[in-house]
Amino acid sequence: MLAWDLLLTDARVATMRNAAPDYGVVDGTGTIAVKDGKIAWIGAASELPAGKALEQRSLDGRWITPALIDCHTHLVFAGDRAEEFERRLLGASYEDIAKSGGGIMSTVRATRTASAAELLAAALPRINALASEGVATVEIKSGYGLDVATEIKMLEVARQLGKESNVNIRTTLLAAHTVPPEFENDADAYIGLICDDLLPQVVAGQLADAVDAYCESIAFDASQVARLFQKATELGLPVKLHADQLSDGGGAELAARFNALSADHLEYSSLAGIEAMAGSGAVAVLLPGAFLTLGETRLPPVAKLRAAGVPIAIASDCNPGTSPICSLRTAMMLACRLFRLTPEECLAGATREAARALGLADDRGTLEIGKRADLAIWEIGHPRELAYWTGTPQLAELIADGHTGRS
Ligand code: NIG
Ligand code: FE
């Protein structure tokens, strides 16, 4: 007889398994057994093998989906950019504000001054807000330090957030976010600092799970990013890229060339770039919060991504400048309304494909035997509601790594 830690019965289960139709819904009365933080069994109650569980609970017809995954955030930062938000509403552009020393740099100044404890205290409610809507994995980027000490401080705070919450944190080094004033007119020298000084320290301290860069006219060009990606690859870290957000800088092609886990934004990507991504297996991470907040009009090439078979993920991009939206559910709804993704594509984009964008597809993102028991239990009539309502308390319970988080 099998022995489980937890047995959830009388559920409706959307597995979101690859290529499974209709949200991968389990026929019949869904049952999930958990053992050692993993899914030990999943299927219809009628097929459940004989077993005993330490705890057994009926879910009374509630839905279970994979816990959500926010695969692109910048949620460790100090200060805010509400004043810049007002200026942009009065007509200033994101690029103009950046060029005059505002934008990312104004968050850099605040973040450099803040202590690790202050950054942690500011970020914890953001993590808890995501968890309260069913998110069990969050990727957090550095990139508001732009010097060795502050980039490391940000990554350490991000790691600490994982210890102080029920959320699994994946960290990404985004030191190549913009050129800091110390290196004005010498972006190459700053890339040199990242490659020769910062990256080796980050690797030695196991502080980052990936390396990201902002490939854009107001940040770094393709050859500078390529130099950084070369070094990251040599040091064994996977890469991802803020690509083609405001112009076509060949970001999608560059990401594909370095076998990036993902290329993110992509509003201006060319067909050649999309085809290159399809060839390399990179995930397209779409960020409707930034699109909305920047008042963009150029839509990401969703139809071409679909036609090429590029997996599409959705993320909040939570940050104080371009996406002051600490809600993955809101990003899912916006992806439906702004980008015309279907609710099923959005849920896949916030589970299965988000896991893929973090290199975690074998471990989570769908409900399958052997994967992490990261389960969201919902008071909903159908999973399509997850990309429809926002701000509603539909999460009944979040089980992360097999733990209910209930006291
Ligand atoms: O994902 N595009 C660059 N990076 C962020 C914005 C960061 C900021 O403005 O503070 C983004 O949009
Ligand atoms: Fe971003």
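Residue 203 in numbering that gives the first Met the number 0 is what sits at position 204 of the sequence shown, and the numbering runs on without skipping anything. Heads up, the beta-carbon is just placed ideally off N, CA and C, and yes, glycines get one too. Nothing here was measured: the structure is a model prediction, and the numbers come from that model.
task = Name, in chain order, the residues that DSSP records as bridge partners for S322.
result = S322 pairs with N318.
ask   = Residues in its own chain within less than 8 Å of G23 by CB, not counting five upstream and five downstream?
value = Excluding residues within five positions, the ones whose Cβ falls inside 8 Å are A13, T14, M15, R16, T365 and L366.
ask   = Whole beta strand (DSSP E) runs in the region 138-180 with 3 or more residues, listed along the chain?
value = Taken in chain order, the unbroken stretches of beta strand (DSSP E) that lie wholly in the region 138-180 and span 3 residues or more are 167-175.
request  = With a 10 Å radius around its C-beta and 16 neighbouring C-beta atoms as the bar for buried, classify M104 as buried or exposed.
outcome  = By the neighbour-count rule (16 or more Cβ atoms within 10 Å), M104 is buried.
ask   = Leaving out five residues before and five after R363 in sequence, what residues of the same chain have Cβ atoms less than 6 Å from its Cβ?
value = Cβ neighbours of R363 beyond the five flanking positions: A354, K370, R371 and D373.
inquiry  = Out of G133, V75, A251 and L119, which one is the CA nearest neighbour of E396?
reply    = Of G133, V75, A251 and L119, the residue nearest in Cα terms is G133.
inquiry  = Taking 7 Å as the cut-off, is the C-beta of Y213 nearer than that to any heavy atom in ligand 1?
reply    = Checking the Cβ of Y213 against ligand 1 gives yes.
task = Kindly identify the DSSP beta-bridge partner or partners of K239.
result = In the DSSP output, where bridge partners are listed per residue, K239 has S261.
request  = Pull up the DSSP beta-bridge partners for S57, would you.
outcome  = Paired residue(s): T8.
request  = Can you say whether A49 is buried or exposed, counting buried as having 16 or more other CB atoms within 10 angstroms of its CB?
outcome  = Answer is exposed; the Cβ neighbour count stays below 16.
query = Just the Cα atoms here: how many angstroms apart are A302 and L1?
reply = Cα-Cα distance, rounded: 47 Å.
query = Quick one: does the C-beta of Q244 sit closer than 7 Å to a heavy atom of ligand 1?
reply = At a cut-off of 7 Å, the beta-carbon of Q244 counts as near ligand 1: some heavy atom of the ligand is closer than that.
query = Which word fits I151, buried or exposed, when buried means at least 16 other C-beta atoms lie within 10 angstroms of its C-beta?
reply = The Cβ neighbour count for I151, taken over all protein chains shown within 10 Å, is at least 16; the residue is labelled buried.
ask   = Is the number of C-beta pairs between the region 208-220 and the region 172-182 that are closer than 8 Å three or more?
value = Contact holds: three or more Cβ-Cβ distances are below 8 Å.
request  = Measure how close the beta-carbons of G272 and A251 come, nearest whole angstrom, since I'm counting them as under 8 Å.
outcome  = That pair is a contact at about 3 Å.
query = Does DSSP put V409 in a helix, in a strand, or in coil?
reply = With the chain covering only 0 through 406, there is no way to say anything about residue 409.
inquiry  = At 4 residues or longer, what runs of the alpha helix (DSSP H) sit wholly inside the region 276-351?
reply    = Taken in chain order, the complete alpha helix (DSSP H) segments of 4 or more residues contained in the region 276-351 are 287-292, 301-307, 327-338 and 342-348.
message = For a test of the three-state rule: what should DSSP assign to S406, helix, strand or coil?
response = Confidence at S406 is low in this model, with a pLDDT of 38, below 50, so the placement of that residue should be treated as unreliable; the coordinate-derived value is given next. The answer is coil: DSSP assigns S406 none of H, G, I, E or B.
query = Can you tell which of A275, L357 and F290 has its C-alpha closest to the C-alpha of A209?
reply = Distances from the CA of A209 to each of A275, L357 and F290 were compared; the closest alpha carbon is that of L357.
message = Does the contact criterion of 3 or more C-beta pairs under 8 Å hold for the region 75-88 versus the region 49-65?
response = Under the three-pair Cβ rule at 8 Å, the region 75-88 does not count as touching the region 49-65.
task = Report yes if the C-beta of D316 is less than 7 Å from at least one heavy atom of ligand 2; otherwise report no.
result = With a cut-off of 7 Å, the C-beta of D316 is classified as near ligand 2, since at least one heavy atom of the ligand falls inside that distance.
query = What residue ranges within the region 101-141 form continuous alpha helix (DSSP H) runs of no fewer than 4 residues, ordered along the chain?
reply = Whole alpha helix (DSSP H) segments, 4+ residues: 103-112 and 115-131.
inquiry  = Quick check: is any heavy atom of ligand 2 less than 7 Å from the C-beta of H73?
reply    = H73 Cβ: within cutoff of ligand 2.
ask   = Since E396 sits in a beta bridge, which residues does DSSP pair it with?
value = For E396, which the question treats as bridged, DSSP gives the partners I376.
ask   = Would the C-beta of H241 count as close to ligand 2, meaning under 7 Å from any of its heavy atoms?
value = Using a cutoff of 7 Å, the CB of H241 counts as near ligand 2, since one of the ligand's heavy atoms is closer than that.
key: Heavy atom of ligand 1 within 7 Å of I96 beta-carbon   = Judged by the Cβ position, I96 fails to qualify as a neighbour of ligand 1 at the 7 Å threshold, every heavy atom of the ligand being at least this far.
ask   = Is it right to say G294 is buried, meaning 16 or more other beta carbons lie within 10 angstroms of its own, or is it exposed?
value = Exposed.
inquiry  = Could you compute how far the alpha carbon of T238 sits from the alpha carbon of P124?
reply    = According to the sequence shown, residue 238 is Val rather than Thr. Going from the Cα of V238 to the Cα of P124 covers about 28 Å.
ask   = Any idea what DSSP makes of K370, helix, strand or coil?
value = Three-state result, K370: coil.
message = Does C70 come out as helix, strand or coil in the three-state DSSP assignment?
response = If DSSP states are grouped into helix, strand and coil, C70 belongs with coil.
ask   = In angstroms, rounded to a whole number, what distance separates the CA positions of N184 and D79?
value = Distance between the alpha carbons of N184 and D79 is about 27 Å.
ask   = Less than 7 Å between the CB of T321 and some heavy atom of ligand 1, yes or no?
value = It does: the Cβ of T321 is within 7 Å (strictly closer) of some heavy atom of ligand 1.
Cβ-based neighbour list, K51, same chain, cut-off 8 Å, excluding 5 preceding and 5 following = If we look at K51 and ignore the five residues flanking it on each side, its Cβ neighbours are M0, L1, A2 and W3.
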